[in-house]
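K.L.:
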Amino acid sequence: MKKIIISLCLVLLGVFFIGCDGGTSDRVIIDFWHMSPVGSESFSATKQIINEFNESQELYTVKGTGFGFWDYWDKIAVAISSKTAPDIGFSTIDDVPIRAEAGVLYNISDLIDADPDGIDIEELYQSQLDFATYEGDLYALPFTATTRVLYYNLDMFAEVGLTEADVPTTWEELHTVAKQLDVDEDGVIQQLGFDPTYGNATYHGYLWQCGLDFFDDDLNPTLNTQKHIDVLQWMIDFNSEYTRNQLVAFGDANAMLGINVFAGERVAMIVEVDGLYQIIQNAGATFNYGVTSIPLPDEDGVRVNWGSGFSVELYDNRKNEEDQKAGAWEFLKYLMSKEVQKEFSTANGWLMAHQEAMEEVAEGNAIMTRLLEEVAYARDKRYVPYAPSWHGNDWQPYYNQALNRELTAEQALAAARANYLQKKENWEATH
Amino acid sequence: MVKTSSVTKLKKQENYIGYLFASPWLIGLIVLGIFPIFMSLYFSFTNYNMISAPTWVGFTNYRILFTNDDLFWKSLGNTVYHVMIAVPLGIIVGIALALLLNSKVKGMSIYRTMFYLPNVVSVVAMTLLWLWLFQPNFGLINQLLSPFYKLFNLEPLGWYLDQNMSKMTLILMGLWTAGGSMVIYLAQMQDIPVTLYESAEIDGAGWFKKTIHITLPLMTPSIFFNFIMGLIGSFQVFTIAYIMTNGGPSRSTYYYAYYLFDKMMNDNAMGMASAMAWILLVMVLIVTIVALRLNKFVFYLGEET
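Chains A and B, in that order, are what the protein sequence lines are. Here this note's numbering is used: position 261 in the first sequence is 261, and no number is missing along the way. Going from the second sequence to this note's numbering is simple: count from 1 and add 1000.
1) Could you pull the start and end residues of the beta strand (DSSP E) that residue 272 (chain A) belongs to?
2) With DSSP collapsed to three states, give me the class of residue 1290 (chain B).
3) Tell me which same chain residues have a C-beta within less than 6 Å of the C-beta of residue 1072 (chain B), skipping the five on either side of it?
4) Are the C-beta of residue 1165 (chain B) and some C-beta of chain A separated by less than 8 Å?
5) For residue 292 (chain A), report the span of its alpha helix (DSSP H) as first-last.
6) For residue 176 (chain A), which three-state DSSP category applies?
7) Of all the alpha helix (DSSP H) runs that stay within the bounds of the segment 1020 to 1059 of chain B, which reach a length of 4 or more residues?
8) Taking C-alpha atoms, which residue in B:1023, B:1084 and B:1113 lies nearest to residue 1228 (chain B)?
9) Rounded to whole angstroms, what's the CA-CA distance from residue 1224 (chain B) to residue 1177 (chain B)? Just pull it up for me.
10) Is any beta-carbon of chain B found at less than 8 Å from that of residue 411 (chain A)?
11) Is the separation between the beta-carbon of residue 108 (chain A) and that of residue 141 (chain A) shorter than 8 Å?
12) Leaving out five residues before and five after residue 205 (chain A) in sequence, what residues of the same chain have Cβ atoms less than 6 Å from its Cβ?
13) Does residue 311 (chain A) come out as helix, strand or coil in the three-state DSSP assignment?
14) Rounded to whole angstroms, what's the CA-CA distance from residue 1058 (chain B) to residue 1039 (chain B)? Just pull it up for me.
15) Shortest alpha-carbon distance to residue 301 (chain A) belongs to which of A:227, A:237, A:195 and A:245?
16) Compare the beta carbon distance of residue 1181 (chain B) and residue 1142 (chain B) with 8 Å and say whether it is the shorter of the two.
17) Give the single residue among B:1036, B:1018 and B:1046 whose Cα lies nearest to the Cα of residue 1271 (chain B).
18) Where in the segment 174 to 240 of chain A do unbroken runs of the beta strand (DSSP E), each at least 3 residues long, occur, reported from the N-terminal end onward?
19) So with CB distances below 7 Å, who are the chain B contacts of residue 393 (chain A)?
20) Which same chain residues end up closer than 6 Å to residue 123 (chain A) when comparing Cβ atoms and leaving out the 5 residues on each side of it in sequence?
21) Taking CB distances under 8 Å as the criterion, tell me whether residue 1138 (chain B) reaches chain A.
22) Let me see if you follow: with CB-CB separation under 8 Å, is residue 1244 (chain B) close to chain A or not?
23) Under three-state DSSP, which class holds residue 106 (chain A)?
24) So residue 1249 (chain B) contacts chain A; which residues on that side make the cut at Cβ distance below 9 Å?
25) I need the DSSP call for residue 1254 (chain B), collapsed to helix, strand or coil.
26) Against chain A, does residue 1051 (chain B) count as a neighbour if the rule is that its beta carbon must be under 8 Å from one of theirs?
27) Grab me the residues of residue 175 (chain A)'s own chain with a C-beta within less than 7 Å of its C-beta, minus the 5 sequence neighbours each way, in chain order.
28) If residue 1167 (chain B) sits next to residue 1081 (chain B), beta carbons under 8 Å apart, how far is it from one beta carbon to the other, in whole angstroms?
29) Measure the C-alpha to C-alpha separation of residue 1173 (chain B) and residue 157 (chain A) and round it to an integer number of angstroms.
30) Would you kindly work out how many angstroms separate the C-alpha atoms of residue 42 (chain A) and residue 214 (chain A), rounded to a whole number?
31) Counting only beta-carbon atoms, is residue 420 (chain A) nearer than 8 Å to chain B?
32) Taking buried to mean at least 16 other C-beta atoms within 10 Å of its own C-beta, is residue 61 (chain A) buried or exposed?
33) Taking the alpha carbon of residue 1123 (chain B) as the point to measure from, which residue in B:1240, B:1171 and B:1297 has its own alpha carbon closest?
34) How far does the beta strand (DSSP E) with residue 63 (chain A) in it extend, from its first residue to its last?
35) Give the straight-line distance between the Cα atoms of residue 143 (chain A) and residue 1087 (chain B), rounded to the nearest whole angstrom.
36) Report buried or exposed for residue 165 (chain A), applying the criterion of at least 16 other Cβ atoms within 10 angstroms of its Cβ.
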């Protein structure tokens, strides 16, 4: 009996060591973090892309680790901080300089110089490359692209005798068309033409269209001009025939069920990100719709939309891991190649950074083609070190108070500005 | 002499073995407990964005928080409001439930289980559930109250979407888990000697007098325990606001721990967040020390008076 147990243990030990070897003992392991965890829709495709790379390699093996979108950011931040970051991973492109300055990213420009044919930089959007640049060198590459557009429901247009030719191009037209599409019964909203606070429309997006911003070139908060007040007032007054409660309830009714209010055919027009197209596709929606540029304030308005995207970065854990660095660079070249970018787009429904790849994916697809056109006008938010979440947590309470008419537009903007100024002063006191 | 020396050796050996067996816990305490506590104290005197190395700024973080940060005081005010109402209300509801469930009614164990059940539900799930129930426009609570609103010609309550109601909504939601303290009260109630009630009955005392003069005084140890634990827990209120209200509307549910979290995760200001954590610790310690002075009003059964 004793002999049998010992033999069994030895066999198990042997199997364990064979398992550990995995046939890749002489290969360098490259850690790659992504946002397609086991169970997600894009997991299989991401795994397939990694496997294809591994099969083509003799020197490196990429080990992919997927985290859910909302978990990813804390995980990568802690990993960078504790010098246990993966060799290659995704992050946000607008704050690349903060990581570059801290010395946690490898200089991509140096790698490109040493291997000029590795990545075709010309295929990437210059606006995105600018965000990934620190002191003249690239420290990340744009991996995906995002854009915001106006989605419009043509079936709803047809019901009131409108056609695609009536799709608004200015704020004034937007208001006129939207009012024709409003439907309510006894004061209860049944259908809404448009609301400037729905979807992914933002106050700073509308400001950009007017040639304004939250901050000046020295990152001092502005917000105190009459034009800033006018834009916010326009948003507040757009659907003034309804109370804020009614508008919130109408939007919430769908949002709480996880259904986009446009995909649920409740609003006729909405400003949304490119991802909504994929959502509508996945839901198997049957209504007719189109996408176009976000209407401009007037003829002098700036054609711009808030776009962003993930960056792909090589992390330097300051352990002189030259083999890891070389392997991560090989994998980065593979990820940025046209074919892999196409595969990622098909698998995830993402707009990718590689222009030619996306043109091929979008060929024959009117909506995708239109979305891609808008990427050229996308602009990312600025990174403000003293208020990294200036558009989110810092701004939202004042924005909501203005929308709820608890504060006037002027009061809300003044209060928000005072908050930014205080944050700036406090930040400067510790830097 | 030889005998004493071998006993000392044996004692030492026993000590070593004791430390060896306790080492998993000791290592855990030092590495996962004491080390982070002292690191956070160090970080509180630095500017640390979690990427670059921390830089020493002395007491600047503390000075800023106390003298030039409106949100610090706003979030602290919200938290104190929550503590002042949620803690006493939680005790009252817990005791009331315990009194109700201490009677000899058929199927009592089922009722006790039902009231305790919310404590085994995750806070996230509970909050999402109440988010639906309190939804002002189509939530079940306002639907049930609609005849009442119509009768008195009232506007439906905005619950967590109304800045004047939001803190109270979260407190009311928290009462759903009062069953947790109820179990402790119930256990203590059942420890009260029946003879005390019997002699009170002989003296003609009714249910109310027995409750006031016997039950409640003898429950003070558990009331005191729940009070202290409630105080400490309430100062750290975070999850319900994070999920249900995002700190809104108009920062009305922006609690201290929420601001601390934002400082760390959104402003990348780990130094400032650490300073906030230490201020919270000192505040909770002071409040707890003051609260412990109430111990003189606690009646421990069997203690000599």
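For each residue, glycine too, the CB sits at the ideal point set by N, CA and C.
P.N.:
In this structure, then:
1) 269 to 273
2) helix
3) 1065
4) no
5) From DSSP, residue 292 (chain A) is part of no alpha helix (DSSP H) but of the beta strand (DSSP E) over 289 to 292.
6) helix
7) 1035 to 1043
8) B:1084
9) 18 Å
10) no
11) yes
12) 306
13) strand
14) 15 Å
15) A:227
16) no
17) B:1046
18) 183 to 185 and 188 to 191
19) 1262 and 1266
20) 354, 355 and 356
21) yes
22) no
23) coil
24) 397, 400, 401, 404 and 406
25) coil
26) yes
27) 238
28) 6 Å
29) 44 Å
30) 36 Å
31) no
32) buried
33) B:1240
34) 60 to 66
35) 50 Å
36) exposed
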